[in-house]
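Undergrad:
Residue numbers (this note's numbering), protein chains in the order written: chain A, 36 to 302; chain B, 140 to 453.
1. List the residues of chain A that residue 380 (chain B) touches, going by C-beta distances under 8 Å, in chain order.
2. Rounded to the nearest angstrom, what separates residue 89 (chain A) and residue 83 (chain A) at their Cα positions?
3. First and last residue of the beta strand (DSSP E) that includes residue 402 (chain B)?
4. Taking the alpha-carbon of residue 220 (chain B) as reference, which of B:296, B:175 and B:277 has the nearest alpha-carbon?
5. According to the Cβ coordinates, are residue 108 (chain B) and residue 349 (chain B) closer than 8 Å?
6. State the DSSP-derived secondary structure class of residue 296 (chain A), mapped to helix, strand or coil.
7. Under DSSP, the beta strand (DSSP E) around residue 143 (chain A) begins and ends at which residues?
8. Exposed or buried, residue 197 (chain A), counting other C-beta atoms within 10 Å across all chains shown (16 or more means buried)?
9. Write down the C-beta distance between residue 269 (chain A) and residue 110 (chain A) rounded to the nearest angstrom, noting that I regard them as a contact closer than 8 Å.
10. If you compare alpha carbons, which of B:155, B:280, B:186 and B:214 is closest to residue 205 (chain B)?
11. Look at the Cβ atom of residue 181 (chain B), then the Cβ atom of residue 345 (chain B), and state whether they are nearer than 8 Å.
12. Expressed to the nearest angstrom, what Euclidean distance is found between the alpha-carbon atoms of residue 422 (chain B) and residue 413 (chain B)?
13. Let me know the secondary structure DSSP gives residue 162 (chain B) once reduced to three states.
14. Among B:230, B:373 and B:326, which one has its Cα closest to the Cα of residue 397 (chain B)?
15. Measuring only between beta-carbons, confirm whether residue 54 (chain A) sits less than 8 Å from chain B.
16. When the distance is taken between beta carbons, is residue 261 (chain B) closer than 8 Å to residue 288 (chain B)?
17. When the distance is taken between beta carbons, is residue 175 (chain B) closer than 8 Å to residue 328 (chain B)?
18. So, with DSSP's three-state summary, where would you put residue 181 (chain B)?
19. Scan the stretch 261-322 of chain B and note each continuous alpha helix (DSSP H) run of 4 residues or more that stays entirely inside, going in chain order.
20. For residue 92 (chain A), decide whether its Cβ has a neighbour in chain B, counting only Cβ atoms nearer than 8 Å.
21. With a 10 Å radius around its C-beta and 16 neighbouring C-beta atoms as the bar for buried, classify residue 299 (chain A) as buried or exposed.
22. Return helix, strand or coil for residue 392 (chain B), following the three-state DSSP convention.
23. Whole angstroms is fine: what's the gap from residue 316 (chain B)'s alpha carbon to residue 363 (chain B)'s?
24. Give the list of continuous beta strand (DSSP E) stretches no shorter than 3 residues that lie fully inside the stretch 150-221 of chain A.
25. Compute the beta-carbon to beta-carbon distance between residue 277 (chain B) and residue 434 (chain B), rounded to the nearest angstrom, for a pair I have assumed lies under 8 Å.
26. How is the beta strand (DSSP E) around residue 188 (chain B) delimited, first residue to last?
27. So for residue 277 (chain A), helix, strand or coil by DSSP?
28. Taking C-alpha atoms, which residue in B:244, B:436 and B:360 lies nearest to residue 259 (chain B)?
29. Relative to the C-alpha of residue 151 (chain A), which candidate in A:215, A:168, A:170 and A:66 has its C-alpha closest?
30. Rank A:220, A:195 and A:97 by C-alpha distance to the C-alpha of residue 167 (chain A) and give the top, closest one.
31. Going along the chain, which unbroken runs of the alpha helix (DSSP H) with 4 or more residues stay wholly within the stretch 358-390 of chain B?
32. Report the neighbours of residue 233 (chain B) on chain A: residues whose CB is nearer than 7 Å to its CB, in chain order.
33. For residue 237 (chain B), which three-state DSSP category applies?
34. Give the interface partners of residue 251 (chain B) over in chain A, defined as CB-CB distance under 7 Å, in chain order.
35. Report yes if the CB atom of residue 215 (chain A) is closer than 8 Å to the CB atom of residue 191 (chain A), and no otherwise.
36. Based on Cα-Cα distance, which residue from B:160, B:159, B:198 and B:187 lies nearest to residue 330 (chain B)?
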């Protein structure tokens with residue numbers, strides 16, 4: 036191991052220009068987040084699928100086909116397609132980009148640079164939250180105009196907040212997968228998690244219409260708990276919310292720890 | 140170790156001391172020593188797999204040593220305070236394709252306490268005309284220039300340049316060399332790894348040659364050349380190979396058509412004998428071994444030594 040850190044005296048009297056003022060450290064975090072958001076908002080290959088899939092599904096099932104079922108169906112599907120839409124910037128924005136950047140050497144380069152600790156992950160997190168907000172806003176606009184869903188401002192705001200915070204557990208899951216698989220293998224792996232999990236949580240077809248067995252195991256999936264919160268946000272669910280919040284926090288913390296451990300060990 | 144005592148008593152700004160690094164059963168570094176003094180350019184040379192990348196990775200704090208000391212400005216390289224004084228250009232780093240060059244500069248500069256202005260950086264690295272272009276739209280050589288700009292934007296005291304001119308055309312390479320010389324003149328130190336020996340010859344104050352995870356030579360470019368005392372003699376002659384080979388001063392001779400290629404330590408003696416033996420001799424050339432020959436010779440010696448070790452061990 037390293038021998039004792041004997042700091043040579045000639046290096047102790049550093050010129051004052053070497054001290055990083057707090058303002059500049061905060062500035063570095065902001066720059067990192069700004070760059071991360073800019074680069075993905077400019078990448079159609081990333082933004083289009085994230086917006087198109089939930090948008091098209093909602094248009095098809097929530098707006099056109101739900102017309103006969105009444106506004107409550109459109110309201111219900113707004114919540115579940117919202118959750119479906121929020122999962123992907125977390126899983127793909129975080130997981131795939133981490134896997135690619137580990138492969139392409141960008142992560143190594145950033146680790147060699149004096150980037151403040153955590154700025155990389157924080158930047159990606161904020162990017163995923165921004166992308167989640169875009170998806171929810173898109174669905175809200177469709178629901179309010181085409182779907183004739185009546186929502187109070189508070190309800191719309193609650194759904195937006197649920198989406199922006201609800202992306203975080205999926206960031207953690209994506210990050211963990213991104214540390215397991217390098218490069219191009221990650222998108223396929225994440226699809227294998229994303230699509231079945233969405234289906235089994237009742238995001239495509241409401242849970243009560245699914246087989247009994249799937250209904251029983253639904254609480255295993257984080258997307259099920261986020262869906263319950265989203266349903267409550269649009270005024271459709273009156274259960275206590277705290278258990279769902281706690282499950283999601285636990286889920287996020289667990290995968291974050293696992294991923295951080297793998298990153299530290301393997302880089 | 141062939142580590143010559145350094146006349147400069149100042150503390151090195153980057154130091155490896157008896158460093159061992161293993162990856163499973165593979166020993167990448169096996170007691171590596173390196174000292175980089177303030178203001179100098181040290182070229183780290185060696186064949187692929189010699190341990191250059193591992194040595195750089197340790198000094199950048201990317202990996203930890205299994206044994207020995209690694210210091211950057213007298214500190215652990217994993218401390219961000221030490222890394223705020225360095226600039227880095229790695230061999231392969233795929234930068235975000237949709238960000239513009241100016242944005243990449245702005246982001247990287249934000250990590251440093253007192254960076255250069257974007258205009259100053261761009262001027263130095265020759266990327267002023269690229270600032271508005273997205274990174275993905277640049278040619279390979281332009282991308283390397285941008286990576287060089289990112290390395291120097293933080294006004295570093297020490298630059299790590301890992302194969303900086305790979306993929307550059309001759310003109311771009313000359314420009315990069317000029318920029319490196321300018322940085323050196325400003326007092327910046329550079330640790331350069333390169334496959335191009337002429338690059339080390341053109342820029343380096345000292346070279347350090349690695350093979351098999353150890354430094355086998357450290358010294359000035361002149362000293363490295365001098366380690367290989369052989370000189371090359373070429374001429375057109377009718378003398379037979381066997382005649383020339385029988386001279387005791389000649390260490391190696393071969394013929395390619397009419398031309399004789401002779402290697403000898405004391406070229407003057409051989410030339411005198413050649414001229415005396417063949418009055419028709421033409422196109423005589425005598426050349427001292429370049430860095431390339433010196434390097435090949437050194438690493439071959441090291442290979443043979445390690446082969447012998449293995450045979451003895453077996």
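By construction, the Cβ of each residue, glycine as well, lies at the ideal position given by its N, Cα and C atoms.
TA: In short:
1. Here residue 380 (chain B) corresponds to residue number 241 of the second chain, with the count starting at 1. Neighbours of residue 380 (chain B) on chain A: none; closest Cβ ~51 Å, over 8 Å.
2. Translated into positions along the first chain, residue 89 (chain A) becomes position 54. Translated into positions along the first chain, residue 83 (chain A) becomes position 48. Roughly 10 Å separates the two Cα atoms.
3. If you number the second chain from 1, residue 402 (chain B) lands on position 263. Unbroken beta strand (DSSP E) run through residue 402 (chain B): 398-403.
4. For this step, residue 220 (chain B) is matched to residue 81 along the second chain. Looking at the Cα atoms, B:296 is the closest of the given residues.
5. As displayed, chain B neither begins before 140 nor continues past 453, which places residue 108 (chain B) out of reach and without an answer.
6. Locating residue 296 (chain A) in the first chain gives position 261, counting from the first residue. DSSP places residue 296 (chain A) in helix when its eight states are reduced to three.
7. For the purposes of this step, residue 143 (chain A) is identified with residue 108 of the first chain, where counting begins at 1. Segment 141-147 is the alpha helix (DSSP H) holding residue 143 (chain A); no beta strand (DSSP E) there.
8. As a first step, residue 197 (chain A) must be located in the first chain, where it is residue number 162. Answer is buried; the Cβ neighbour count reaches 16.
9. What you label residue 269 (chain A) is simply residue 234 of the first chain in a count that begins at 1. What you label residue 110 (chain A) is simply residue 75 of the first chain in a count that begins at 1. About 5 Å; that satisfies the 8 Å criterion.
10. In the second chain, the residue the question calls residue 205 (chain B) occupies position 66. Of the candidates B:155, B:280, B:186 and B:214, the one whose C-alpha sits nearest the C-alpha of residue 205 (chain B) is B:155.
11. Numbered from its first residue, the second chain carries residue 181 (chain B) at position 42. Numbered from its first residue, the second chain carries residue 345 (chain B) at position 206. Cβ distance < 8 Å, so residue 181 (chain B) and residue 345 (chain B) count as in contact.
12. If you number the second chain from 1, residue 422 (chain B) lands on position 283. If you number the second chain from 1, residue 413 (chain B) lands on position 274. Taking the straight line joining both Cα atoms gives about 12 Å.
13. For this step, residue 162 (chain B) is matched to residue 23 along the second chain. If DSSP states are grouped into helix, strand and coil, residue 162 (chain B) belongs with the strands.
14. Counting from one through the second chain, the residue named residue 397 (chain B) turns up at place 258. It is B:373 whose Cα lies nearest to the Cα of residue 397 (chain B).
15. Sequence index remark: in the first chain, residue 54 (chain A) carries index 19 (1-based). Residue 54 (chain A) counts as touching chain B.
16. As a position in the second chain, residue 288 (chain B) is number 149, starting the count at 1. As a position in the second chain, residue 261 (chain B) is number 122, starting the count at 1. Yes, they are a contact pair.
17. Here residue 328 (chain B) refers to the residue found at position 189 of the second chain. Here residue 175 (chain B) refers to the residue found at position 36 of the second chain. Result yes, Cβ atoms of residue 328 (chain B) and residue 175 (chain B) sit closer than 8 Å.
18. Your numbering for residue 181 (chain B) matches position 42 in the second chain. Strand at residue 181 (chain B).
19. 279-291
20. Looking up residue 92 (chain A) in the first chain gives position 57. No - not a single Cβ of chain B is within 8 Å of the one on residue 92 (chain A).
21. Locating residue 299 (chain A) in the first chain gives position 264, counting from the first residue. Under this definition residue 299 (chain A) is an exposed residue.
22. Position 253 of the second chain, counting from 1, holds the residue named residue 392 (chain B). Here residue 392 (chain B) sits in strand by DSSP.
23. Counting from one through the second chain, the residue named residue 316 (chain B) turns up at place 177. Counting from one through the second chain, the residue named residue 363 (chain B) turns up at place 224. Distance between the alpha carbons of residue 316 (chain B) and residue 363 (chain B): 21 Å.
24. none
25. By one-based count along the second chain, residue 277 (chain B) stands at place 138. By one-based count along the second chain, residue 434 (chain B) stands at place 295. Not a contact, Cβ separation roughly 33 Å.
26. Looking up residue 188 (chain B) in the second chain gives position 49. Careful: residue 188 (chain B) lies outside any beta strand (DSSP E) and carries neither H nor E.
27. Position 242 of the first chain holds residue 277 (chain A). Three-state DSSP puts residue 277 (chain A) in a helix.
28. Reading the second chain from its first residue, position 120 is the one you call residue 259 (chain B). Per the Cα distances, B:244.
29. Within the first chain, residue 151 (chain A) is the residue found at index 116, counting from 1. Residue A:66 is the option with its Cα nearest to residue 151 (chain A).
30. The count along the first chain starts at 1 and reaches residue 167 (chain A) at position 132. The candidate whose alpha carbon is nearest that of residue 167 (chain A) is A:195.
31. 360-366 and 380-385
32. For the purposes of this step, residue 233 (chain B) is identified with residue 94 of the second chain, where counting begins at 1. Chain A residues near residue 233 (chain B): 139, 140 and 141.
33. Taking the first residue of the second chain as 1, we reach residue 237 (chain B) at position 98. Reduced to three states, the DSSP call for residue 237 (chain B) is coil.
34. Here residue 251 (chain B) refers to the residue found at position 112 when the second chain is read from its first residue. The contacting residues are 149.
35. As a working mapping, residue 215 (chain A) is identified with position 180 in the first chain. As a working mapping, residue 191 (chain A) is identified with position 156 in the first chain. Going by C-beta atoms, residue 215 (chain A) is not nearer than 8 Å to residue 191 (chain A).
36. Taking the second chain and counting its residues from 1, the one referred to as residue 330 (chain B) is at position 191. Nearest of B:160, B:159, B:198 and B:187 to residue 330 (chain B), Cα basis: B:198.
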